Amino acid sequence: MHIKSTVLEVREISKYFTDPVKFQVLKNVSFQAYEGEFLTLIGKSGSGKSTLLYCLSSMDTLYEGELYICGTKLTGLKSNQLARIRNEKIGFVFQFHYLLPEFSCLKNVMLPALKLGKHSPKEIEERAYQKLEILDLKDQALKPASKLSGGQQQRVAIARALINDPKLIMCDEPTGNLDSKNTQIVFDIFQQISKENNQTIIAVTHDMDFARNSDRTIEMADGTIVSNGNGFNLRSE
Amino acid sequence: MNIVGILETGSSMIDNGKSFVNISTAQQLLKKGTSYVSTIYANTKDVENASLFSQRLQQLTKYKVEDWTVTNADLLAGDKTRSAMMSAISLSILLVASFGIYNILSATIAQKINDIAILKATGYTGTDVIFIFCNRGTNHGTDRYNNWLAFWSWINRNHAKKFTWVALSGIFPFISKVEYFLQVFFWAFFITLCAGFFPARKAANVDPVSIFRK
Ligand SMILES: Nc1ncnc2c1ncn2[C@@H]1O[C@H](COP(=O)(O)OP(=O)(O)O)[C@@H](O)[C@H]1O
Ligand SMILES: [Mg+2]
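For the record, the sequence lines run as chains F and U.
First residue of the first sequence? That's 29 in my numbering, and the numbers climb one at a time after it.
First residue of the second sequence? That's 7 in my numbering, and the numbers climb one at a time after it.
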């Protein structure tokens, strides 16, 4: 095994909710994720997976501890700086396919790139078509997002997460609402982009097969990490 | 003496109390010589220049020179009050209209809160959100301005030359000064910018996580 660079570093992250009573959701969570790694996060419902993911995505800033992405310390940055980093370095896929319903699939995919402004709108459109093609959705590109099936919408959301070629892609139960066929498609895409493009994927899942086939699995319980990788990595056995 | 014609101004106080004769008849009636003149009225090309001219004329003569703004000071004061009232009415209409747009945008934002959260999650900043909604607001403003302009052109083309009893000129007093159009555009733009800005500022502070948690 050769050493790969660290894309995400989580140092002792703790988080409390105060409503309705004060309780600790995350308890000194620490781990690292490496370049090109396909990481899954499992654990019982309520164990804090989504909460952790929101902290990692820089959308939630009310936590203790430190968070580094690609060597940059995110903890303590201003919201506009975080938005910029999120735009460039992080792709996020939500549990429920959150798309802008009136916009076409193509426009939905283009949005983060239009904000980044690294390419001209013409190039962005081309790139968006490429991403949709990877997800086998090219023929749906011009339909409004609300006219697609659940599985298709989920894949559009993945295409959107990929558009800026982020170093990190985070997913909260990306296959939670999908049938086994679509789950397989999503899994293959994640496998492919982590191996071919060296992008890092962190996916929360309930699907044991999905987790077992990923590179590494972190298991959470009551806000702490109870197992990290090795024991779970059946593929290397 | 013969009546040779009747002049009606529309004001009965003038029509019933005044008649016109030529100047030599008037001098004879008053038993004065041909050099007797009590008042000379003079028109200036530009009415706004009258007081300037009166000052200059005053330097040339020992007689009293008075321009129309002094003669009609009470009328002008009434005019000032009237235009102040017009401004107040216009301003209230403007305010009501802008509250309408404010409400439309507040409702849109409440409805689109999901979309705003998604935009923020994918890297759009609060400033971007404010920009988007101010832009929507001023679109309303320029739309309204264009409607007004269309109405104005229509009424100007079809009705401006029609005879009415408005003022002595007999036709609607239409004034097409560029600054009036700019003023209307400025207010339409500015007030809708405000109507967009305040709800947008609320939207800009939305915490996407709290939306996704629902
Ligand atoms: N906004 C909130 N206020 C208070 N408690 C919350 C809030 N959001 C989540 N929780 C609690 O935090 C715990 C972890 O939630 P979550 O991260 O969604 O779990 P998971 O995604 O692993 O199912 C749960 O017990 C949940 O009830
Ligand atoms: Mg969850």
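Heads up, the beta-carbon is just placed ideally off N, CA and C, and yes, glycines get one too.
Keep in mind it's a predicted model, so treat the numbers as computed, not measured.
- Of all C-beta pairs linking the stretch 102-119 of chain F to the stretch 169-180 of chain F, fewer than three are shorter than 8 Å, placing the two stretches out of contact.
- In the three-state DSSP reduction, SER42 of chain F falls in the strand class (E or B).
- For PRO140 of chain F, the C-beta contacts it makes with chain U under 8 Å involve THR128, GLY129, in order along the chain.
- When the alpha-carbon of ILE217 of chain F is set against those of F:ALA187, F:ILE253, F:GLU94, the nearest one is in F:ALA187.
- Within the same chain, GLU63 come within 6 Å of SER33 of chain F by CB-CB distance, once the 5 residues on both sides are set aside.
- Of all alpha-carbon atoms in U:ASN8, U:GLY129, U:SER41, the one lying nearest the alpha-carbon of SER86 of chain F is that of U:GLY129.
- Counting only Cβ-Cβ distances below 8 Å, ARG114 of chain F has contacts in chain U at ALA127, THR128, GLY129, in chain order.
- Straight-line measurement puts the Cα of LEU84 of chain F at about 26 Å from the Cα of ALA156 of chain F.
- Taken through DSSP and simplified to helix, strand or coil, ASP121 of chain U comes out as helix.
- Taking non-hydrogen atoms of ligand 2 into account, the C-beta of LYS209 of chain F is found less than 7 Å away from none of them.
- Identification of chain U residues near MET248 of chain F by a Cβ-Cβ cut-off of 7 Å yields none; the smallest Cβ-Cβ distance measures about 18 Å.
- Straight-line measurement puts the Cα of TRP74 of chain U at about 9 Å from the Cα of VAL53 of chain U.
- Taking non-hydrogen atoms of ligand 2 into account, the C-beta of ASP200 of chain F is found less than 7 Å away from one of them.
- Distance check between ILE97 of chain F and each of F:LEU206, F:GLN219, F:PRO194, F:CYS199 places F:PRO194 closest, using alpha-carbon atoms only.
- When DSSP reads this structure, SER132 of chain F sits in a beta bridge with F:PRO172.
- With contacts defined as CB atoms closer than 8 Å, THR245 of chain F and THR46 of chain F fail to qualify as a contacting pair.
- Positions of the beta strand (DSSP E) runs, each at least 3 residues long and wholly inside the stretch 143-212 of chain F, are given as 196-200 in order along the chain.
- By the neighbour-count definition (other C-beta atoms within 10 Å, threshold 16), ASN136 of chain F is a buried residue.
- With a cutoff of 8 Å on beta-carbon distance, ILE152 of chain F and ILE197 of chain F are scored as not near each other.
- Straight-line measurement puts the Cα of PHE105 of chain U at about 10 Å from the Cα of SER98 of chain U.
- Considering only beta carbons, the part of the stretch 112-126 of chain U lying closer than 8 Å to chain F consists of ASN120, ASP121, ALA123, ILE124, LEU125, LYS126, in chain order.
- Under the 8 Å criterion on CB atoms, VAL102 of chain U is classed as non-interfacial with respect to chain F.
- Excluding its 5 nearest sequence neighbours in each direction, GLU94 of chain F has C-beta neighbours in its own chain below 6 Å: ARG39, THR103, listed in chain order.
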